[in-house]
Amino acid sequence: MSETSAFFERLTVAGQDPRFSKVCGSVRFDIRDDGNLEQWLLDIDHGRMRVTRSGAPATTVIQVSAQLAEAMARGEVNGLAAITRGEIMVDGDLALALRIGRLFPREPGRLQREDPDSGT
Amino acid sequence: MRDIAGTVACIDGNTFMVSDASGDVESSPSTPVGLFAADTRFLSRWRLTVNGECMTALSVDDSQYFEVTFFAVPGAAVDYVEADVSAIRRRRIGPDLTESLTIFNYGERDMTLDVRLEVAADFADIFEIKFDIGEKSGAYYTNVGENELRLGYRRGTYRREVIVSASEPAEFGPDGLGFAVRLPPGQQWSTRLQAVMLALRPDGVDLRSALRALRPDESTLPTSVQEWVAAAPTLDTDSVGLQQVYRRSLVDLAALRFAPLSLGGASVPAAGLPWFMTLFGRDSLLTCLQTLPVTPSLTPPTLRILASLQGTRTDDVLEEDPGRILHELRYGESAAFEEQPHSPYYGTVDASPLFVVLLDEYERWSGDTALVMELEQEARAALAWIDRYADLNSTGYIWYQRRNRATGLDNQCWKDSWDSISYADGRLPGFPRATCETQGYAYDAKIRGARLARTFWGDPAFAARLESEAAALYDRFNREFWLEDRGFYALALDHDGTPVDSLSSNIGHLLWSGIVPPERAPRVVEHLMGPALFSGWGVRTFAEGQRRYNPLGYHNGTVWPFDNSFIAWGLRRYGFGNEAARIAEGILSAATYFEGRLPEAFGGFDRDTTKFPIRYPTAGSPQAWSSGACMLLIRTMLGINPHEDHLAVDPALPATFGRIALLDIPGRWGERDAFARQRPDQH
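In structure tokens:
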């Protein structure tokens, strides 16, 4: 199973997330890998989350490549930066998409570019 | 980075154009002129020539922030202008740039005119301009069409494009467009030029399109400014200068409103032109605090967007922690490719406590309990951040030490330049550092958070805990920051707890936060109003006599109007009405030398020596919290304060103002007027 699938499977199990207690809406991930299309639908109703593999209509649709989805599942992607550079395409409610982005993990010790001249 | 004298700005939120006085743009890699949107320069050249000659401006009308009209003639500026041909360029900024060009022939002969517009786009990120970085990683492209010129830049999936077109037939080339105009005597010729700016996704859709659909049509802009001014309280005063500053500040606050990508169309204040045309946590929170009596509508969207982007996890590049309120949000290429950490960057220690302070202050004015309930979770998270993530060495203070060692900020307080925190002898303290004003904000946030918890959230236990933490912080702070022999508070604590002993304006914020025992206040005030700090115009950021003092030092000696407005608020809190009035008089008088527009900062030179305020070379203008300073100074002069369902008024006017009335101040009381009149016995 891909890391992306594992990520969505975990959400299916989690079910409830207090961070979304004020959020209602539906978000579909369209994940493209060459010709293949993998779709995950998240229905959120005041923090209750239902995750299904479905291509049903959603208020917000997020399009990404399979490669980027894997990186997101590994916690390596800054969502807002990826939207700004066109790697994540959001149609619908961008604020909801950004909230959903918080579900993805983030590596705390992401590699930094060290600047040898800086520091005091 | 350079400040360009004589530039003309045309602004609509984070879209803006800065040109020379004739309307032309001729930029170099390090000058902030051109057409900008989303932190990117979409036009780096925009130069009009008639028969090969550049235009010279005779007059410029920029009384509307989103529209500028240039009256110009061909040729260089000379004593005598033989102006058979003249031109009007009417420029307007909305989602796109439009410019109506009209050329007149007032001569007696038929004219054949070669009218050309030189166009170039370097798609520079605002940070490339600020740090003078010339090289770009992506590739440029140019498409010359029958009816348009497309200039673009592509780097992987990142693509920005500008499309230039005209309403009249034109000859398009890679460097611009030209018109062959035959003009009989007494006739005129017009065309409407347009530059459409696109932030394109790989599928050709503009990534801002959903947001743009929510935007009001550009033709409604003037109405919206009139409505904005009409909705604000009316200022009635005998001071022409104050009237001018008030009007200018109101319009500039309107100009700086912008709709961030993630907020569903609501507007928040951008921090300032040209470097800070985006969302800053600290700047927007302080601007809202300053403007509550006048433009309270800025506050709910500001709190909401900062809440929606509040930190949720730990990230050492963005310096994100759970509960932390962001510092800066950018959409340019350097943010997109994470060469700068601004998507968003969280390296500030004051935005989180100030978020709670604003939420409480807003409720006191508006009575909007729904917002207090809506943002409970976020306010609690911001309060939790203070103790859980900011107390780096478990000593009970907010400390900072950057985790992003490549591009993070050394100083994460409002004075965020590298050398702003120093000992009186000039030494720089080590890290982590704890600056004094941040502790005041934390104290105030706990006190105000306790009120919210008890009154609205139904959690008296949490309220009691916050109050006891605030009391402990008050004692600790007054023991460890107070320099008894000097009679003021240390600017900061060094990493080992040694007080950083320099005298700075930061101590004025402590009065605003209420962390100063009343018996110590007179000594603090004596320093604030003494010759080392007070220039006659305002309180300097850093006192004369400190080793690093420089009247033109960005945070080491200049006078910041915003800083002074909070100091004046603090002075009133402790009963120093006359001193607050002196600051109000100084700052508002300085504004008249800047045509009513207070810059970010001006020189710390003595008022008696220079007689007029000295412009700081790279100061931003307009700047949201400088425009806000005028509003807060009016509040402090009138002494207006929400008191349950009433508006209390307790004026303290400087001698220069005979009468100030602010009419229709909105709040939980409906609308109320506040009057202040000079009493004859005050002289």
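Protein chains in written order, with our numbering: chain A, 1 to 120; chain B, 1001 to 1683. Backbone N, C-alpha and C define an ideal beta-carbon position, used for all residues, glycine too.
Could you name the residues of the same chain whose beta carbon sits closer than 6 Å to that of residue 1521 (chain B), not counting the 5 residues immediately before and after it, in chain order? If you ignore the 5 residues before and after residue 1521 (chain B), its C-beta comes within less than 6 Å of the C-beta of 1574, all in its own chain and listed in chain order.
Near-chain B residues of the stretch 77-90 of chain A - C-beta to any C-beta below 7 Å: Contact residues of the stretch 77-90 of chain A toward chain B are 78, 80, 81, 83, 84, 85, 86, 87, 89 (C-beta to C-beta distance below 7 Å).
Put residue 1327 (chain B) into one of helix, strand or coil per three-state DSSP. coil
Name the residues in the stretch 12-23 of chain A whose C-beta lies less than 9 Å from a C-beta of chain B; which are they? 18, 19, 21, 22
Please state if the CB of residue 1044 (chain B) and the CB of residue 1139 (chain B) are separated by a distance shorter than 8 Å. no
Specify, as a first and last residue, the run of the alpha helix (DSSP H) that residue 1509 (chain B) falls within. 1506-1513
Three-state class that DSSP yields for residue 1246 (chain B) in the structure shown: helix
Between the Cα of residue 1603 (chain B) and the Cα atoms of B:1653, B:1105, B:1538, which residue gives the shortest distance? B:1538
Cα-Cα separation, residue 1412 (chain B) to residue 1335 (chain B): 19 Å
Minimum Cβ-Cβ distance from residue 1348 (chain B) to chain A less than 8 Å: no
With respect to the alpha helix (DSSP H) encompassing residue 1386 (chain B), which residues constitute its N-terminal and C-terminal limits? Residues 1376-1388.
Anticipated Cβ contact below 8 Å, residue 1244 (chain B) with residue 1628 (chain B), distance rounded: About 16 Å separates the beta carbons of residue 1244 (chain B) and residue 1628 (chain B), which is beyond the 8 Å limit, so they are not a contact pair.
Can you name the residues of chain B whose CB is closer than 9 Å to the CB of residue 102 (chain A)? Using a Cβ-Cβ cut-off of 9 Å, residue 102 (chain A) is close to 1312, 1313 of chain B, given in chain order.
Using DSSP with H/G/I as helix, E/B as strand and the rest coil, what is residue 1612 (chain B)? Residue state for residue 1612 (chain B) is assigned as coil, using DSSP reduced to three classes.
For residue 1192 (chain B) versus residue 1100 (chain B), is the C-beta spacing smaller than 8 Å? Result yes, Cβ atoms of residue 1192 (chain B) and residue 1100 (chain B) sit closer than 8 Å.
Quick check on DSSP: helix, strand or coil for residue 1577 (chain B)? Residue 1577 (chain B) carries a helical assignment under DSSP once its states are collapsed to helix, strand and coil.
So that I know if they touch, is there some Cβ in chain B lying closer than 8 Å to that of residue 10 (chain A)? no
Are the C-beta of residue 1182 (chain B) and some C-beta of chain A separated by less than 8 Å? no
Taking CB distances under 8 Å as the criterion, tell me whether residue 127 (chain A) reaches chain B. Nothing can be reported for residue 127 (chain A): it is not among the residues displayed for chain A, which extend from 1 to 120.
Spatial neighbours of residue 1445 (chain B) within its chain, please: C-beta separation below 6 Å, excluding the five flanking residues on both sides. 1353, 1356, 1357
Between residue 1612 (chain B) and residue 1277 (chain B), what straight-line distance do the alpha-carbon atoms span, to the nearest angstrom? Between residue 1612 (chain B) and residue 1277 (chain B), the C-alpha separation is close to 28 Å.
Bridge partner(s) assigned by DSSP for residue 1194 (chain B): B:1098, B:1165
Please decide whether residue 1343 (chain B) counts as near chain A, where near means a Cβ-Cβ distance under 8 Å. Judged by the 8 Å Cβ criterion, residue 1343 (chain B) is in contact with chain A.
For residue 1301 (chain B), which residues in chain A fall below 7 Å Cβ to Cβ? Those do not exist, as residue 1301 (chain B) stays about 12 Å from chain A at its closest Cβ, beyond 7 Å.
In chain B, which residues lie less than 7 Å from residue 53 (chain A) when you measure between Cβ atoms? Ordered by position in chain B, no residue passes the 7 Å Cβ test against residue 53 (chain A), which lies about 24 Å from the chain.
Specify, as a first and last residue, the run of the alpha helix (DSSP H) that residue 26 (chain A) falls within. Here residue 26 (chain A) belongs to no alpha helix (DSSP H); instead the beta strand (DSSP E) covers 24-33.
Chain A partners of residue 1338 (chain B), CB-CB under 7 Å? 78, 81
Under 8 Å between C-beta atoms of residue 25 (chain A) and residue 60 (chain A): yes
In chain order, each alpha helix (DSSP H) run of at least 4 residues that lies wholly inside the stretch 1318-1373 of chain B: 1333-1336, 1351-1366
Counting only runs of 3+ residues fully inside the stretch 1114-1177 of chain B, write out the beta strand (DSSP E) ranges in chain order. 1139-1144, 1148-1155, 1158-1166, 1171-1173
Could you check which residue in B:1086, B:1513, B:1451 has the C-alpha nearest to that of residue 1373 (chain B)? B:1451
So is residue 1331 (chain B) in contact with chain A if we call contact Cβ pairs under 8 Å? yes
Measuring alpha carbon to alpha carbon, tell me which of B:1274, B:1083, B:1251 ends up nearest residue 1185 (chain B). B:1083
Could you confirm whether any beta carbon from chain B is found closer than 8 Å to the beta carbon of residue 99 (chain A)? yes
State the Cα-Cα distance for the pair residue 1095 (chain B) and residue 1015 (chain B), rounded to the nearest angstrom. 7 Å
For the stretch 63-75 of chain A, which residues have a CB atom closer than 7 Å to at least one CB atom of chain B, in sequence order? Contact annotation: in the stretch 63-75 of chain A, no residue has its CB less than 7 Å from a CB in chain B.
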